[in-house]
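Q: Take a look at this one; I'll ask things after.
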Amino acid sequence: ETGVTQSPTHLIKTRGQQVTLRCSSQSGHNTVSWYQQALGQGPQFIFQYYREEENGRGNFPPRFSGLQFPNYSSELNVNALELDDSALYLCASSFPGQGQETQYFGPGTRLLVL
Amino acid sequence: QQPVQSPQAVILREGEDAVINCSSSKALYSVHWYRQKHGEAPVFLMILLKGGEQKGHDKISASFNEKKQQSSLYLTASQLSYSGTYFCGDTNFGNEKLTFGTGTRLTIIP
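From first to last, the protein sequence lines stand for chains A and B. Here the working numbering is used: the first residue of the first sequence is 1, the next is one more, and so on. Here the working numbering is used: the first residue of the second sequence is 1001, the next is one more, and so on.
This is how it looks when you write it as structure tokens:
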């Protein structure tokens, strides 16, 4: 148990729809990172939020957006869903330390786009 | 570019040792190791910082060669619970983005 929670655990959507995934960080952590993990692959960095500001973004289109709230929980929003968006979405919380920090992962949200 | 891990997959009998290698194409600041079991989230194993650090706990240890931009994970006297996919992840200084490697699937059989 890492203390990082995500909701929902599973989700089925159709192409073109929009989805919001939620993440509650571990107590004391002010940084949340989001990752997409396709079947059989490693997690791919989507973006990171630090104190409610985006702090780095991976190679994902603008239809992937996020928010971080004052309590450091976070949302990942994906618009205009495509079939390739089907994946496990992981969030990880950490306390920044110049690359030294450990990222603790939540259980993930499995998204299926039909 | 993501780090390249080798081997891609390995099958061991319980009690045997394994080495998983991770090579990066960029200057590294830190290397992180995670284990992920099927259908579960990655679980943190250890983090190594530049400077040729070595770390270990229980029967799992790792080394980090900054000059070669490589890290290795050592599993000794493997247990059934060690089965899973192992990922290394690297970061650059001042960039908190964690780039995961290609993964190594480890299967331990009785």
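Just so it is clear, CB atoms sit at the ideal spot from N, CA and C, and this is done for glycine as well. From a predicted model like this one, the values you see are computed outputs, not experimental measurements.
Apart from the five residues on each side of it in sequence, which residues of its chain come closer than 6 Å, Cβ to Cβ, to residue 1042/B?
A: For the purposes of this step, residue 1042/B is taken as residue 42 along the second sequence, with counting starting at 1. Answer for residue 1042/B: 1034 and 1036, listed in chain order.
Q: I'd like to know whether the C-beta of residue 105/A is nearer than 9 Å to at least one C-beta of chain B.
A: By 1-based counting over the first sequence, the position of residue 105/A is 105. Yes - at least one Cβ of chain B is within 9 Å of the one on residue 105/A.
Q: Restricting to Cα atoms, I'd like to know which of 1030/B, 1098/B and 1102/B is closest to residue 1069/B.
A: As a position in the second sequence, residue 1069/B is number 69, starting the count at 1. The shortest Cα separation from residue 1069/B among 1030/B, 1098/B and 1102/B belongs to 1030/B.
Q: Heavy atom of the ligand FMN less than 8 Å from the Cβ of residue 25/A, yes or no?
A: As for the ligand FMN, it is missing from this structure, which has no ligand bound.
Q: If the cut-off is 9 Å on Cβ atoms, which residues from the region 33–44 of chain A count as contacting chain B, listed in chain order?
A: If the cut-off is 9 Å between Cβ atoms, the region 33–44 of chain A has 33, 35, 37, 40, 41, 42, 43 and 44 near chain B.
Q: Considering only their Cβ atoms, is the gap separating residue 1072/B from residue 1022/B smaller than 9 Å?
A: Here residue 1022/B refers to the residue found at position 22 when the second sequence is read from its first residue. Here residue 1072/B refers to the residue found at position 72 when the second sequence is read from its first residue. Contact flag set, yes.
Q: Assign residue 31/A to one of two classes, buried (16 or more other C-beta atoms within 10 Å of its C-beta) or exposed (fewer than that).
A: Here residue 31/A refers to the residue found at position 31 when the first sequence is read from its first residue. Residue 31/A should be labelled buried.
Q: How is residue 33/A classed by DSSP in three states: helix, strand or coil?
A: As a position in the first sequence, residue 33/A is number 33, starting the count at 1. DSSP places residue 33/A in strand when its eight states are reduced to three.
Q: Identify whether residue 85/A lies in helix, strand or coil by the three-state DSSP scheme.
A: What you label residue 85/A is simply residue 85 of the first sequence in a count that begins at 1. Helix.
Q: Nearest to residue 1058/B by CA position, among 1065/B, 1048/B, 1082/B and 1067/B, is which residue?
A: Position 58 of the second sequence holds residue 1058/B. Considering only alpha carbons, the answer is 1082/B.
Q: If you reduce the DSSP assignment to three classes, tell me which class residue 1029/B lands in.
A: Within the second sequence, residue 1029/B is the residue found at index 29, counting from 1. If DSSP states are grouped into helix, strand and coil, residue 1029/B belongs with coil.
Q: Distance cutoff 9 Å, beta carbons only. Does residue 1040/B sit that close to anything in chain A?
A: For the purposes of this step, residue 1040/B is identified with residue 40 of the second sequence, where counting begins at 1. Yes, because at least one Cβ of chain A sits closer than 9 Å to the Cβ of residue 1040/B.
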